[in-house]
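Worksheet: the structure to be examined is printed underneath.
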Amino acid sequence: QSEKESDKTKDLGEELADVIFVALCLANQTGVDLETAFYNKIKVKTERDKDRHQNNQKLQFHPSQNIEENHLNLSGSKSESNRLLVLNALLKGDIEICNLSNSQDTQLIDKALSSTEEVVDIYHAGTAMRFLTAYFSLQEGRKTFLTGSARMKERPIQILVDALRDLGADITYAEQEGFPPLHIKGKKIIKNEVTLSASISSQYISALLLIGGFLENGITIHLEGTITSLPYLNMTIQMLNRVRIKAMWLKEQSIKVFPYKKETKMVTNVESDWSSASYLYSIIALSKTGSLFMDTYFKDSLQGDKALVEIYRDYFNVDTEFILENNSKPQIRLTKGNKLLPSKIELDLNNCPDIAQTILVTAVGLKIPFKLTGLSTLKIKETDRLVAMQNELAKCNVQTEITEDSISLVSYEKNLPQTVKISTYNDHRMAMSFVPLALKGTNLIIENPNVVEKSYTNFWKDMKKLGFEITKIEA
1 QSEKESDKTK DLGEELADVI FVALCLANQT GVDLETAFYN KIKVKTERDK DRHQNNQKLQ
61 FHPSQNIEEN HLNLSGSKSE SNRLLVLNAL LKGDIEICNL SNSQDTQLID KALSSTEEVV
121 DIYHAGTAMR FLTAYFSLQE GRKTFLTGSA RMKERPIQIL VDALRDLGAD ITYAEQEGFP
181 PLHIKGKKII KNEVTLSASI SSQYISALLL IGGFLENGIT IHLEGTITSL PYLNMTIQML
241 NRVRIKAMWL KEQSIKVFPY KKETKMVTNV ESDWSSASYL YSIIALSKTG SLFMDTYFKD
301 SLQGDKALVE IYRDYFNVDT EFILENNSKP QIRLTKGNKL LPSKIELDLN NCPDIAQTIL
361 VTAVGLKIPF KLTGLSTLKI KETDRLVAMQ NELAKCNVQT EITEDSISLV SYEKNLPQTV
421 KISTYNDHRM AMSFVPLALK GTNLIIENPN VVEKSYTNFW KDMKKLGFEI TKIEA
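Under UniProt numbering, read the sequence shown as residues 1 to 475, first letter to last.
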């Protein structure tokens with residue numbers, strides 16, 4: 001190094017030292033946690049680089065028309081598994097959980113619940129953010145920095161935080177008011193009554209229900225407005241009772257959870273995931289022939305997405321047979337029926353919005369006019385799903401109109417293109433819902449295929465098992 005270069009390096013070093021000194025002074029005056037800020041900056045860069053790499057990966061589906069008869073064993077319900085994991089943590093491991101979901105979301109919750117680190121990162125997992133916010137608020141003496149992906153920081157959480165604060169929780173926003181990340185100081189909560197809106201997300205309410213039995217006096221929740229995704233609330237209540245935590249509706253808009261009394265260890269079986277089954281219903285609907293067997297589905301399911309059975313029977317000509325034989329897992333068998341298709345589909349999916357994308361693609365594949373309502377919660381999911389569906393359906397020569405809570409057909413302009421490239425917006429359901437269109441003679445290119453791991457880890461393996469020809473391509 002020359003003397004001139006050495007002096008230049010020295011000057012830069014001194015300037016950097018000055019910058020660090022000023023930053024330390026400002027941090028000291030404002031109370032900013034520099035370690036957390038640095039961690040967040042590194043995390044954002046790592047996440048961005050990871051997304052860039054994943055977005056360069058694509059899978060191509062080649063046209064097919066028939067599905068080979070097959071038997072699939074889908075993972076346990078993500079919704080049930082996530083609730084049971086939180087309850088098991090609160091019960092100090094007293095629940096033996098069978099058929100736990102292998103989804104990425106469930107793995108993230110499981111990892112977070114067993115972590116002793118102050119920083120807990122749940123990436124894109126919205127359910128984890130809501131349930132863990134409530135969980136960590138009860139962990140006396142523990143400080144938690146609960147954070148997630150860039151998209152997670154855009155998803156509102158104020159309704160839940162306000163409710164927890166009303167009960168006495170110590171939670172502050174680390175960045176933008178009303179949004180993650182959060183600083184949570186766990187403490188004992190004495191208050192037992194709270195009121196919150198029920199029209200934004202049922203997960204806010206479920207988060208409170210899950211911790212309710214572990215508050216000294218239980219909890220009574222009063223709900224305001226129209227309840228969205230009611231089956232998910234009923235699922236939470238029934239699962240609480242299943243693990244011997246008494247919970248009940250007091251009246252139409254109020255729920256009470258009683259303080260938990262110590263019980264013996266228990267075993268519970270998770271039903272397979274109906275949301276994941278939706279893509280298989282769509283495949284049968286769009287195929288010329290085929291049938292599917294799937295394990296561990298119950299006729300008296302807790303999951304709201306079991307509405308698939310009636311919807312696909314009445315509108316898409318797919319029949320469901322529940323099979324329960326001695327000493328074997330309960331199964332369902334999907335087959336094509338022999339009814340005429342409807343001239344139009346109008347559905348209110350307020351109770352099961354997660355299957356909206358699948359239903360839309362099924363309707364498009366069969367060229368049935370549609371109007372789906374009750375979809376207000378789709379705007380705060382992994383992406384704004386209404387906008388995303390409008391964009392991707394336009395690539396399929398399908399024009400739609402969207403509102404704050406609905407999507408309806410404007411026109412089928414012409415036949416499906418020979419090749420369609422589907423963007424997935426970091427949304428697992430965008431990737432999986434479009435796959436059945438390959439049965440209508442279209443080459444599909446699915447961007448960022450790994451996103452399916454959020455809920456259905458073996459999706460691509462199962463598609464190959466059904467006879468789809470899939471090619472991995474690079475951008």
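Each residue gets a CB set at the ideal place from its N, CA and C atoms; glycine is no exception.
Test item: CB-CB of residue i and residue j under 9 angstroms
{"i": "Ile157", "j": "Gly178", "result": "yes"}
{"i": "Gly148", "j": "Ile122", "result": "yes"}
{"i": "Arg244", "j": "Ser291", "result": "no"}
{"i": "Ala207", "j": "Tyr135", "result": "yes"}
{"i": "Tyr279", "j": "Tyr456", "result": "yes"}
{"i": "Met430", "j": "Val398", "result": "no"}
{"i": "Ile283", "j": "Leu439", "result": "yes"}
{"i": "Thr127", "j": "Gln203", "result": "yes"}
{"i": "Glu447", "j": "Lys58", "result": "yes"}
{"i": "Asp427", "j": "Arg385", "result": "yes"}
Distance, residue j Cα to residue i Cα
{"i": "Leu466", "j": "Thr144", "result": "44 angstroms"}
{"i": "Thr442", "j": "Tyr297", "result": "32 angstroms"}
{"i": "Asp300", "j": "Ala174", "result": "43 angstroms"}
{"i": "Leu160", "j": "Thr195", "result": "10 angstroms"}
{"i": "Phe434", "j": "Lys421", "result": "10 angstroms"}
{"i": "Leu182", "j": "Asn234", "result": "28 angstroms"}
{"i": "Asp273", "j": "Cys98", "result": "13 angstroms"}
{"i": "Tyr412", "j": "Asn458", "result": "33 angstroms"}
{"i": "Thr220", "j": "Ser254", "result": "7 angstroms"}
{"i": "Glu252", "j": "Cys352", "result": "20 angstroms"}
{"i": "Glu263", "j": "Gln331", "result": "32 angstroms"}
{"i": "Ala277", "j": "Glu325", "result": "21 angstroms"}
{"i": "Thr46", "j": "Ala150", "result": "Below a pLDDT of 50, predicted positions are generally treated as unreliable, and Thr46, at 42, falls in that range; no measurement from the model is reported."}
{"i": "Asn317", "j": "Leu340", "result": "8 angstroms"}
Backbone secondary structure at residue i - three-state DSSP
{"i": "Glu193", "result": "strand"}
{"i": "Ser199", "result": "coil"}
{"i": "Gly76", "result": "strand"}
{"i": "Ser455", "result": "coil"}
{"i": "Asp105", "result": "helix"}
{"i": "Ala247", "result": "strand"}
{"i": "Phe468", "result": "coil"}
{"i": "Asn448", "result": "coil"}
{"i": "Asn70", "result": "strand"}
{"i": "residue 481", "result": "Only positions 1 to 475 of the chain appear in this structure, which leaves residue 481 out of reach."}
{"i": "residue 476", "result": "In the structure as shown, the chain begins at 1 and stops at 475. Residue 476 is therefore absent and cannot be evaluated."}
{"i": "Asp273", "result": "coil"}
{"i": "Ile473", "result": "strand"}
Cβ-based burial, residue i [other Cβ within 10 Å; buried from 16]
{"i": "Leu164", "result": "buried"}
{"i": "Gln1", "result": "Only weak support exists for where Gln1 lies, its pLDDT of 49 falling under 50; the value from the coordinates is given anyway. That one is exposed."}
{"i": "Lys191", "result": "exposed"}
{"i": "Ala285", "result": "buried"}
{"i": "Ala388", "result": "buried"}
{"i": "Thr226", "result": "exposed"}
{"i": "Asp348", "result": "exposed"}
{"i": "Asp354", "result": "buried"}
Review point. Considering only residues of the stretch 134–181, which uninterrupted beta strand (DSSP E) runs meet the minimum length of 3 residues and lie entirely inside it, listed in chain order?
Key: Fully enclosed beta strand (DSSP E) runs of 3 or longer: 143–147, 170–173.
Review point. Unbroken beta strand (DSSP E) runs of length 3 or more, entirely within the stretch 370–434: which are they?
Key: Entirely contained in the stretch 370–434, the beta strand (DSSP E) runs reaching 3 residues are, in chain order, 370–373, 398–402, 407–412, 419–422.
Point to revise | In chain order, each alpha helix (DSSP H) run of at least 4 residues that lies wholly inside the stretch 302–345 | key: For the stretch 302–345, the full-length alpha helix (DSSP H) segments reaching 4 residues or more read 308–316 along the chain.
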